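For what it's worth, the working numbering labels the leading residue of the sequence shown as 738, then goes sequentially.
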Amino acid sequence: MRILVIMGTSHNGNTRAITDLFLNEFKGKNNEFDEVILPNDFQKFCYGCANCILKGEEKCPHFNLVNPIIEKIEKADLIIIATPVYAMSCSSGLKALLDHLAYLWLVHRPKESMFNKVGLIVTSAGGSGVKDTVKLVKNNLFYWGIPKIYSYGVTTMKMSGNYIDYKHKDKIKKQVKSKANQIKKSLNNRKVGLKTKLFFKIFGMTQKNGWNKTDADYWKNKGWLNGRKPF
Numbered sequence: 738m739r740i741l742v743i744m745g746t747s748h749n750g751n752t753r754a755i756t757d758l759f760l761n762e763f764k765g766k767n768n769e770f771d772e773v774i775l776p777n778d779f780q781k782f783c784y785g786c787a788n789c790i791l792k793g794e795e796k797c798p799h800f801n802l803v804n805p806i807i808e809k810i811e812k813a814d815l816i817i818i819a820t821p822v823y824a825m826s827c828s829s830g831l832k833a834l835l836d837h838l839a840y841l842w843l844v845h846r847p848k849e850s851m852f853n854k855v856g857l858i859v860t861s862a863g864g865s866g867v868k869d870t871v872k873l874v875k876n877n878l879f880y881w882g883i884p885k886i887y888s889y890g891v892t893t894m895k896m897s898g899n900y901i902d903y904k905h906k907d908k909i910k911k912q913v914k915s916k917a918n919q920i921k922k923s924l925n926n927r928k929v930g931l932k933t934k935l936f937f938k939i940f941g942m943t944q945k946n947g948w949n950k951t952d953a954d955y956w957k958n959k960g961w962l963n964g965r966k967p968f
């Protein structure tokens with residue numbers, strides 16, 4: 738099994754430490770691990786040119802930089818997206834990457850591999866913003882087509898340091914272990930839910946209208962407009 742961590746910060750704080758707790762739960766059993774550290778591994782902001790959607794992802798000005806990350810995403814069975822809360826949202830590095838991946842959404846050109854993955858969102862905050870951050874990232878993973886998405890967020894009431902200094906550290910460890918066991922079960926039984934199937938059907942109807950030729954041709958070539966499904 739391949740596990741990919743997309744870390745929204747290079748800072749080794751609470752979010753990194755909690756993510757490592759999750760990774761420890763998946764060590765062994767021939768699991769392979771890979772990481773993308775932001776902004777170290779990708780430092781470009783989206784220009785808003787919409788080339789990726791209207792003309793094809795290879796027309797993105799940053800395609801050569803973002804495509805290696807997409808290849809890692811496609812190979813992964815479990816995608817862990819981890820980000821601290823900055824200004825009530827995810828880190829700017831993560832948001833920049835997510836903006837570049839909008840063409841992967843169900844309404845545009847989802848990858849078939851996405852429907853066979855499990856997602857995990859890890860976040861921590863010194864104060865508020867955990868729920869809003871989880872919601873933002875979860876929406877992206879859902880619209881990529883990932884059928885099962887878990888999340889773990891914690892408010893430490895600390896601006897720095899590490900969760901090991903947090904008075905509820907033992908509780909965090911127990912919660913992480915429990916969540917990891919749930920994820921392992923899902924990895925052994927990956928099913929696409931009714932919500933994803935419904936959205937896929939609705940967006941398929943829009944593709945038949947051919948509003949965006951690049952998207953419509955993609956769906957047609959996949960056979961999705963003739964009843965074939967990626968799941």
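The C-beta atom is built at its ideal place from N, Cα and C for all residues, glycine as well. The structure displayed is predicted, hence computed values, not measured ones.
Between which two residues does the beta strand (DSSP E) harbouring SER923 extend?
For the purposes of this step, residue 923 is identified with residue 186 of the sequence shown, where counting begins at 1. Not the beta strand (DSSP E): SER923 falls in the alpha helix (DSSP H), residues 906–924.
Count the other C-beta atoms from every protein chain shown that fall within 10 angstroms of the C-beta of SER915, then say buried if there are 16 or more, exposed otherwise.
To locate residue 915, count along the sequence shown from 1; it is residue 178. Looking at its Cβ environment, which holds fewer than 16 other Cβ atoms inside 10 Å, SER915 is exposed.
Specify, as a first and last residue, the run of the alpha helix (DSSP H) that LYS934 falls within.
Against the sequence shown, residue 934 aligns to sequence position 197. Residues 931–945.
Mind listing, in chain order, the continuous beta strand (DSSP E) runs of no fewer than 3 residues lying wholly within the stretch 748–789?
DSSP runs (the beta strand (DSSP E)) wholly in the stretch 748–789: 769–774.
Ordered along the chain, which non-local residues of its own chain (more than five positions away) have a Cβ less than 7 Å from that of LEU843?
Within the sequence shown, the letter at position 106 stands for residue 843. So the list reads TYR880, GLY882, PHE936, PHE937, PHE940, once near-sequence residues are dropped.
Would TYR784 be called buried (16 or more neighbouring beta carbons within 10 Å of its own) or exposed?
Looking up residue 784 in the sequence shown gives position 47. Exposed, by the Cβ-count rule.
May I ask you to list the residues that DSSP assigns as paired with LYS885?
In the sequence shown, residue 885 corresponds to position 148, counting from 1. For LYS885, which the question treats as bridged, DSSP gives the partners VAL855.
Where do the N-terminal and C-terminal ends of the beta strand (DSSP E) with PRO821 fall, by residue?
Start at 1 with the first residue of the sequence shown, and residue 821 comes out as number 84. From DSSP, the beta strand (DSSP E) with PRO821 extends over 815–821.
Roughly how many whole angstroms lie between the Cα atoms of LYS1004 and ILE816?
Residue coverage of the chain in this structure runs from 738 to 968, which leaves residue 1004 outside it and unanswerable.
For LEU981, which of helix, strand or coil comes out of DSSP?
Because the chain here runs from 738 to 968, residue 981 falls outside it and cannot be looked at.
Have a look at GLU795, THR893, LEU841, MET851 and flag the residue whose alpha-carbon is nearest the alpha-carbon of ALA862.
Your numbering for residue 862 matches position 125 in the sequence shown. Considering only alpha carbons, the answer is THR893.
By Cβ distance below 8 Å, which residues in the same chain neighbour SER923 in space, the five residues on each side in sequence not counted?
Residue 923 sits at position 186 when you count from the first residue of the sequence shown. Taken in chain order, the residues that qualify are VAL855, LYS885, TYR887.
Mind checking which residues open and close the beta strand (DSSP E) that includes VAL803?
Here residue 803 is taken as the residue at index 66 of the sequence shown, counted from 1. Note, VAL803: premise wrong, no beta strand (DSSP E); alpha helix (DSSP H) at 800–812.
Would you be able to state if there are at least three C-beta pairs under 8 Å between the stretch 747–755 and the stretch 791–804?
Contact between the stretch 791–804 and the stretch 747–755 is absent, because fewer than three Cβ pairs lie under 8 Å.
What does DSSP give as the partner residue(s) for GLY890 in the beta ladder?
Taking the sequence shown and counting its residues from 1, the one referred to as residue 890 is at position 153. Beta-bridge pairing links GLY890 to THR860.
Hey, out of LYS906, LYS875, MET851, VAL803, whose CA is closest to ALA754's CA?
The residue labelled residue 754 in the question sits at position 17 within the sequence shown. Of the listed residues, the one whose Cα sits closest to ALA754 is LYS906.
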